[in-house]
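Sequence lines, in order, name chains A and B.
Just so it is clear: in the first sequence, position 199 is 208 by our numbering, and no numbers are missing.
Just so it is clear: in the second sequence, position 195 is 204 by our numbering, and no numbers are missing.
Ideal placement from N, C-alpha and C gives every residue a C-beta, glycine not left out.
Please read these numbers as outputs of a predicted model, since none were measured by experiment.
Presented below is the structure to which this report refers.
There are 2 protein chains.
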Amino acid sequence: MREFILRASKALTSPDFNLNDLPSSGGRMDLVCRCISSALWVSNDLRRDTKIFVVLEGPPNPPRTIVFDGFSLKGVNPDERNIASHIKKALKFGLNLELNQEIEVSPGIKIAKKSFESLIKEKSKEMQLIYLHPEGKDIRELEIRENVAFILGDHIGISRKTERLIERLKAEKVSLGKKIYLASHAIVIANYELDRRWSK
Amino acid sequence: MREFILRASKALTSPDFNLNDLPSSGGRMDLVCRCISSALWVSNDLRRDTKIFVVLEGPPNPPRTIVFDGFSLKGVNPDERNIASHIKKALKFGLNLELNQEIEVSPGIKIAKKSFESLIKEKSKEMQLIYLHPEGKDIRELEIRENVAFILGDHIGISRKTERLIERLKAEKVSLGKKIYLASHAIVIANYELDRRWSK
């Protein structure tokens, strides 16, 4: 199982964003949608062994964690607007959640009121955690286990406090080389590096 | 110089597509926009040494070739809708072009009435041509020159006739491994493989 965990610190947590203006009304919801597309789509198929969790932390109801699961996802297209329309629907369903309650919105899409910190604590018990960071160890020199979760920040990055939690959870700091990539591109590259290893 | 050449066989060649429906009204214009975003954006910057040519071949005025040049591009954002709005503007400016005429639309964006075949013939004189194809030689075993252009098909692929031209132009058939990727993801990966080599 491959998982990606994106912290979207400004992304709206109500369905009241405008599909015609994802960057501004959605708090960079365009970036969130591109990350989902990067995590799950390959040519003519979805990655059935992959999930992406996006933790939305913008106003008015943070946090909301939405998971898109390639195993069961249906009827979603890889364009930003289509993915955003599914996020909108999930946020509508998830308006009145209680803490840590999770509900299924449609095949392969669930929403929970769960914080980034709770999510990565949970994941650390069952998976290898990798924190993508320009100063980490080169991904090409890393031993990667079969169950792996990659943690990514958005354009704002991840606070020092959360970084300390990530360290305590023994996540490995891993770099993709000398360039710094958009989160969505980093996901494509992480998927590619894993494909390269596991299809040998 | 790095260049990408995308053949978008169904993408509209008039500005009359709907920004609210890029996949269908635009003839998979969403895919075109994602490819442009993949080619040119890195974190907090554009790739100044990179261009992407998209050859639109859908109705009603094919062909139209639009180039986005990272060196001089300004005021464009990496989300699909914003890139699509610039394509729309370019198509408006380029309605009455004569064959092989090219005009500048805004900083870093030009449009020409030029066919895919003419474009790759031109490029073959000045650059190493790489045709991304699942059956090609592994990119990790390839010698890549400094001036390189990658040729990609869209979701429809490239016809046998054009493949023969690509062969005659001595383009190298190169693969990214065993998975088959979306064109936009293939561009991210090609950029990454080049970054890895050239930043050592």
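| query | result |
| --- | --- |
| What's the call for V149(B), buried or exposed, on a 16-neighbour Cβ count within 10 Å? | Looking at the sequence shown, residue 149(B) is not Val but Arg. Burial call: exposed. |
| Where does D25(B) land, buried or exposed, given buried means 16+ other C-beta within 10 angstroms? | exposed |
| How close, in whole Å, do the beta carbons of R11(A) and V183(A) come, if the pair is a contact with beta carbons under 8 angstroms? | Not really, about 14 angstroms apart at Cβ, beyond 8 angstroms. |
| Tell me which residues share the same chain as E89(A) and place their Cβ nearer than 7 angstroms to its Cβ, disregarding the 5 neighbours each side in the sequence. | L31, D39, C42, R43 |
| Which residues in chain B sit within 8 angstroms of G186(A), going by Cβ to Cβ distance? | Y201, D204, R205, S208 |
| To the nearest angstrom, how far is it from the Cα of I167(B) to the Cα of R16(B)? | 8 angstroms |
| Evaluate G117(A) with the Cβ neighbour count: other Cβ atoms within 10 Å of its Cβ, from every protein chain shown; 16 or more gives buried, anything less gives exposed. | buried |
| Which residues of the stretch 11–33 of chain B have a Cβ closer than 7 angstroms to any Cβ of chain A? Give them in chain order. | N29, L31, P32 |
| Which first and last residues belong to the alpha helix (DSSP H) in which P94(A) is found? | Just to set this straight, residue 94(A) is Ser in the shown sequence, not Pro. Where S94(A) is concerned, the enclosing alpha helix (DSSP H) stretches over 89–102. |
| State buried or exposed for N200(B), treating a residue as buried only when at least 16 other CB atoms are found within 10 Å of its CB. | buried |
| Quickly, what does DSSP pair S184(A) with across the bridge? List them, please. | D147(A) |
| If I'm right that K19(A) touches G67(A) with Cβ under 8 angstroms, what's the distance once you round it to whole angstroms? | 5 angstroms |
| Give me the Cβ distance between I92(B) and I45(B), rounded to the nearest whole Å; I'm assuming they're in contact under 8 angstroms. | 5 angstroms |
| Please state whether DSSP places L203(B) in a helix, a strand or coil. | helix |
| From this set, L65(A), S81(A), V76(A), N70(A), which residue's C-alpha is nearest R57(A)'s C-alpha? | S81(A) |
| Check distances from the C-beta atoms of the stretch 80–93 of chain A to those of chain B and list, in chain order, the residues that come in under 9 angstroms. | N86, P87, D88, E89, R90, N91 |
| Could you check which residue in A99(A), I14(A), P72(A) has the C-alpha nearest to that of S47(A)? | I14(A) |
| So with CB distances below 7 angstroms, who are the chain A contacts of Y190(B)? | V51, S52 |
| Could you check whether the Cβ of H194(B) sits closer than 8 angstroms to any Cβ belonging to chain A? | yes |
| In whole angstroms, give me the CA-to-CA distance for L21(A) and I175(B). | 47 angstroms |
| If contacts are defined as beta-carbon pairs under 8 angstroms, then I75(A) and I96(A) qualify, I think. What distance do you get, rounded to the angstrom? | 6 angstroms |
| Between which two residues does the alpha helix (DSSP H) holding F80(B) run? | That residue, F80(B), is in no alpha helix (DSSP H); it is neither H nor E in DSSP. |
| List the residues of chain B whose Cβ lies closer than 7 angstroms to the Cβ of D39(A), in chain order. | D88 |
| State buried or exposed for P87(B), treating a residue as buried only when at least 16 other CB atoms are found within 10 Å of its CB. | buried |
| With DSSP run on the structure shown, which of helix, strand or coil describes T74(A)? | strand |
| Between L191(A), S23(A), I198(A), which lies nearest to L49(B) when the distance is taken from Cα to Cα? | L191(A) |
| To the nearest angstrom, how far is it from the Cα of I129(B) to the Cα of P71(B)? | 16 angstroms |
| Less than 8 angstroms between CB atoms is the rule here; does S127(A) satisfy it with respect to chain B? | no |
| Out of curiosity, what's the CA-to-CA distance linking E126(A) and V51(A)? | 30 angstroms |
| Find the residues of chain B that neighbour I139(A), judging by a C-beta separation of less than 9 angstroms, and give them in chain order. | In chain order: nothing, as chain B lies at least about 17 angstroms away. |
| Are any of the Cβ atoms in chain E nearer than 8 angstroms to that of I45(B)? | Absent here is chain E; the protein component of the structure consists of chains A and B. |
| Residue range of the beta strand (DSSP E) that A158(A) falls in? | 157–162 |
| Contact check, N109(B) vs K123(B) under 8 angstroms by CB: the rounded distance? | 6 angstroms |
| Taking only three categories from DSSP, how would you classify L178(B)? | coil |
| Under a CB-based cut-off of 8 angstroms, is V210(B) close to chain A? | Residue 210(B) lies beyond the residue range present for chain B, which begins at 10 and ends at 209; the question has no answer from this structure. |
| Expressed to the nearest angstrom, what Euclidean distance is found between the alpha-carbon atoms of H142(A) and I196(B)? | 22 angstroms |
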